[in-house]
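Read in order, the letters of the sequence shown are residues 33 to 140 in the working numbering.
Idealized CB from N, CA, C, for every residue including glycine.
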Amino acid sequence: MPTPYVGSISLQDGTKISILGVPEYHQTQFVIALQSGSNINQRNEIPFWFNPRFNENQVVRNTKTGNSWGPEERHGGFPFQQGQTFDVQIFVRYDTYEVFASVICIMI
33 MPTPYVGSIS
43 LQDGTKISIL
53 GVPEYHQTQF
63 VIALQSGSNI
73 NQRNEIPFWF
83 NPRFNENQVV
93 RNTKTGNSWG
103 PEERHGGFPF
113 QQGQTFDVQI
123 FVRYDTYEVF
133 ASVICIMI
């Protein structure tokens with residue numbers, strides 16, 4: 033699938049989203065954003081922002097409501113390596129998301 037992928041996905045309790053990818057060696061980060069609306073330049077509301085940052089060895093998670101970002105969450109492991117295939121599984125729950133990334137569970 034091309035990136036960025038912008039498409040309609042029905043998210044409800046129990047939905048599973050699977051993402052396979054390979055970050056290139058020159059990349060310092062990548063983003064998985066579950067958002068309402070298709071605008072990627074001035075992003076719409078974002079209930080879930082998942083941002084692995086290689087230069088910090090951290091996964092930053094956040095939400096955006098209106099024009100305001102929430103507090104960043106940075107706890108959890110960092111299972112990603114540049115040039116290595118990753119597998120991210122996002123499980124939508126009633127009031128949260130569960131994220132499994134390359135065997136490490138990151139509870140959100």
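For this session: Report the three-state DSSP secondary structure of T95 (helix, strand or coil).
Result: DSSP, reduced to helix, strand and coil, places T95 within a strand of the structure shown.
Problem set entry | L44 and V120 closer than 8 angstroms at C-beta | At residue 44 the sequence reads Gln, which differs from the Leu that was named. Not a contact, by the Cβ cut-off of 8 angstroms.
Problem set entry | Euclidean distance between Cα positions of F82 and Q61 | Going from the Cα of F82 to the Cα of Q61 covers about 10 angstroms.
Exercise. Taking just the CA atoms, how far does P36 sit from F112?
Worked result: Their backbone Cα atoms lie some 19 angstroms apart in a straight line.
Exercise. Any idea if P103 is buried or exposed, counting beta-carbon neighbours within 10 angstroms, 16 or more meaning buried?
Worked result: By the Cβ neighbour-count rule, P103 is exposed, with fewer than 16 other Cβ atoms within 10 Å of its own.
Problem set entry | For I64: DSSP bridge partner residues | F82.
Exercise. Helix, strand or coil: which one does DSSP assign to I41?
Worked result: Coil.
Problem set entry | Proximity of G66 and I78 at Cβ, strictly below 8 angstroms | For the record, residue 66 in the displayed sequence is Leu; it is not Gly. Yes, these two residues count as a Cβ contact at 8 angstroms.
For this session: With DSSP as the reference, label Q114 as helix, strand or coil.
Result: DSSP places Q114 in coil when its eight states are reduced to three.
Exercise. Start and end of the beta strand (DSSP E) containing E130?
Worked result: DSSP places E130 inside the beta strand (DSSP E), whose first and last residues are Y129 to A133.
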